[in-house]
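Single-structure report; data block below.
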Amino acid sequence: MKEPISLKKDLPFSFTTARTWLLFIVTIVLVGVIYMGQASQAALTGQRVYDKQEKLARIRQENAQLQAEISVLLAPDRMEKRARALGFHLASPDQVKYLTVKDYPVEPVKPTFSASAPVRTDDAFDVAAWWNAMLVRLGLSASPRAAEASEVTMSAQSLPRAPFRMRLALMFVFVVGGLLAARLFYWQIIQWDKLSQISKRQSTLDVPIPARRGEIQTRDNLRLATDIFLFTVEVSPAGIPKPQELAKQLAPLLKLPEAAILAKLSSTSASLVLARDVPIEIGGAVQDFKTRAEVKYPELGLANVQVRVKAVRQYPAGSFAAPVVGYVNVERQPAYGIEQYKDRDLRGTDGKIHGAGTVLHDVIPIDLPTNEPAIEGATVVLTLNSGMQRIAETELANAIKETRAASGSIIVLDPKTGAILAMAAYPTADLNLYYDPANSGRYANQTISSQYEPGSVFKIVTLAAGLDARTISPATYFDDNGRLPFGGIVVKNHDDIAPGRVNVMQVLQMSLNVEAAKISIGLGTERFYQYVQNFGFGVTTRVELAGEVAGEVKTPGDGKWRDSDLAANSYGQGISATPLQMTAAVAAVANQGKLMKPYIVHQVRRADGKVITTEPEVVRQVISPETARVLTQLLSEAIVVESTNKAIVPGYRVAGKTGTAEIPRIGGYDPDWTIASFGGYLPADDPRFVILVKLDKPQSSKWGSQVASPVFAAVAKQLIALSGLPPDAVRLANK
């Protein structure tokens, strides 16, 4: 049931309906005036006619009495005698009854009559009345009211009608009034609901109270992003009675010369800015002074001084962890990283001042507004350790400089939980300077948004699948002549080496492509790609960062896969992954075959005190713990015996694999550039850190063992020192 209309609250206001109502009222007034005028005129005329008709009735009654007298007076002998005395000549007595106008000596009324046509006594002309008038003129009538009777009769027969122009104007007014009434019906009845909503919007004042955006911190409480408040002090110079005194008071607060302030206060401009985007130390001081002195010292004109405040996102650490954090622009819109992914939590809930207001959005004082306070955004605590992040960023910058690589990334992961301890990417830039065109494109996090062909690091996945499926074992030997034709391609080892008879450990040591292809072929298409998918390739890791891509894994039946892909994918070619996906896969081997979901948000601390802590999540058991242990042993032995590998950390057993991947281009692979990488973990028997180093297009050397593995060792050594991890011998002895 529709609610009854309330004229106070529900009557819609709009300029369209207001104009229509005004025109309608004017029309009604005009119609009323015209009608009243016509009615008054008709009433007056009717009254006159009524009065004259009464007179006519009385006169006719008197005429009846006079007829007898007239019959006596009109006796032929007396009539002839009287007429001759007045100079009339009557031809015969019968002519006395039918006189013509020409025989009448006076002019009371001048109707046109023919000499031979008698005057008819009908409704058009009262002969008796005319005759009575004539007799009065002749002095023969006893009552002079006969003439008046004639005039009354003529007036009653000829009432005037309204002029044509007045009737046309009245018709026009009625037509316009009808159109206006129809228009009012349309707006007030048909469009009522719509206009009611417009009315509520126009009469309701909602002034937003922006919520303070939540902070972003590292696990060890380093503030990476926060909101600060900047103040702008404005003044309206007109109306300030004592500008010199006001300038004297404001100068020390604004920390500006008194003369400069006085010059602005003496200006004729409507509004001027005294200080723009100043910190709270200045803006807050001016606001406090204005609050205290505005009423006490009205002569200063502080009512003309306005202090405006706005929240601005600030990044105290500058470029530190920039790809992880992301930024918020001047419109308070987030881009990249945590800022974008966790925007709903960080943004908070805006408050508002709700009440009645004018169309100019001024508060109506009689209707007290109600306030809904803003709810501050949540604080997001990352899994990053600021010390480990600094180590990763520093070593990455050094590696880029030494190898003259185009870009690169380093990820440090806790294999047991999936927590990301450090995530560095290069190039990057200061988050406070996001608006600088030179920094465009420097904030994308390539560890999750840039896919690449991982190269030989992927052999960890291939060997894990073969060992877990038991198509190979540590005792398996291969005959390698350096070439393997398969699926229309010929698989070759790097530098075309042909080592002959080799075991599984030597496959890792020498990074042999031919043996990796034999293992994937031995697994078969279905089993090989099942393991690839189980390790997390081809789907996103679901890390809490904006912009993550899934990589690309071609599978049979998708229209892209070819038989040759089964061989090429085994050594990381023809398959795309992100650095984080590759790190998570290596961590699965380090974590006894359990793939953990990588995460970078440790806690979300809401303003109401509720704390949401991220719990480690096991995605799946990819390989058996025994397979993981065996593969770890093989990987650690391969590093020790590999003469070119520089990933060794004294006192600690390291497990890992180098990668040197070609860069695909249209029509094949780039012959000049590579992506050098190393993925490994330590201590091998009880891993604490999984580290992936990736350098794009290094110029000092194209091999991962030469440019990436030294960076791994440098990062690992500092992580050990920072965490206080004892050497293997000490640790094992204390077990």
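Numbering-wise (our numbering), the sequence shown opens with residue 313 and increments by one.
Even for Gly, the Cβ is constructed at its ideal location relative to N, Cα and C.
Nearest in C-alpha terms to I732, of all of S1021, A862, E651 and V693, is V693. In this structure, the straight-line span from the alpha carbon of L507 to that of A493 is close to 17 Å. Beta-bridge annotation (DSSP): P520 is paired with K664. With contact defined as three or more Cβ pairs closer than 8 Å, the segment 839-854 and the segment 787-801 are not in contact.
In the DSSP assignment, M817 is bridged to no other residue.
Straight across, the Cα-Cα distance linking L820 with L946 is about 8 Å.
Closest in alpha carbon position to K1006, among L878, K804 and T759, is T759.
Partner residues in a beta bridge of G905, as assigned by DSSP, do not exist. Cβ-Cβ distances below 6 Å link K866 to K872, W873 and D877 in the same chain, with the five nearest sequence neighbours on each side left out; the list follows chain order.
The shortest C-alpha to C-alpha distance from R782 to any of T972, G630 and I831 is the one to I831. Using a 10 angstroms sphere on the CB of P766, the tally of other CB atoms reaches 16 or more, which defines it as buried. Between F770 and the set L612, S888 and I723, the nearest pair of CA atoms involves S888. In this structure, V1002 places its C-beta atom within 8 Å of the C-beta atom of V898. DSSP places L536 in the uninterrupted beta strand (DSSP E) bounded by R535 to V547. If you compare the alpha carbons of I975, P995 and E974 with that of I960, the shortest gap goes to P995. Of the other Cβ atoms in all chains shown, 16 or more fall within 10 Å of the Cβ of I987; this residue is therefore buried.
Taking N751 as the centre and dropping the five residues before and after it, the same chain places the C-beta of A741 and L745 closer than 7 Å to its C-beta, in chain order.
The alpha helix (DSSP H) runs lying completely inside the segment 696-738 and spanning 4 residues or more are 698-715, given in chain order. Comparing alpha carbon positions, the residue from T530, K608, M908 and G980 closest to A629 is T530. Taking 8 Å as the upper bound for CB-CB distance, G884 and A967 are not in contact here, some 18 Å apart. When DSSP states are grouped into helix, strand and coil, Q556 belongs to the helix group. Of the residues assessed, V952 falls on the exposed side of the cut-off, its CB having fewer than 16 other CB atoms within 10 angstroms.
Here M908 is buried. Its C-beta has 16 or more other C-beta atoms within 10 Å. In this structure, the CA atom of F632 is about 45 Å from the CA atom of P549. If you draw a straight line from the Cα of A756 to the Cα of P891, it is about 14 Å long.
Around the beta carbon of L558, 16 or more other beta carbons sit within 10 angstroms, so the residue counts as buried. Nearest to V1019 by C-alpha distance, out of K804, V773, A810 and N710, is N710. The continuous beta strand (DSSP E) containing E974 extends over residues A967 to R977. Under DSSP, A623 takes part in a beta bridge, and its partners are F541. Put simply, of D657, S948 and V598 the residue whose alpha carbon is nearest the alpha carbon of A615 is V598.
If you look at G871, you'll find it isn't in any alpha helix (DSSP H); DSSP assigns it neither H nor E. For F849, the closest alpha carbon among the candidates Q893, D808 and I833 is that of Q893. One alpha carbon belongs to Q503, the other to M735, and they sit about 59 Å apart. Inter-residue distance for V942 and A776 is about 9 Å (C-alpha atoms, whole angstroms).
If you draw a straight line from the Cα of Y648 to the Cα of Q1030, it comes to about 29 Å.
Between the alpha carbons of N641 and R716 lies a gap of roughly 32 Å.
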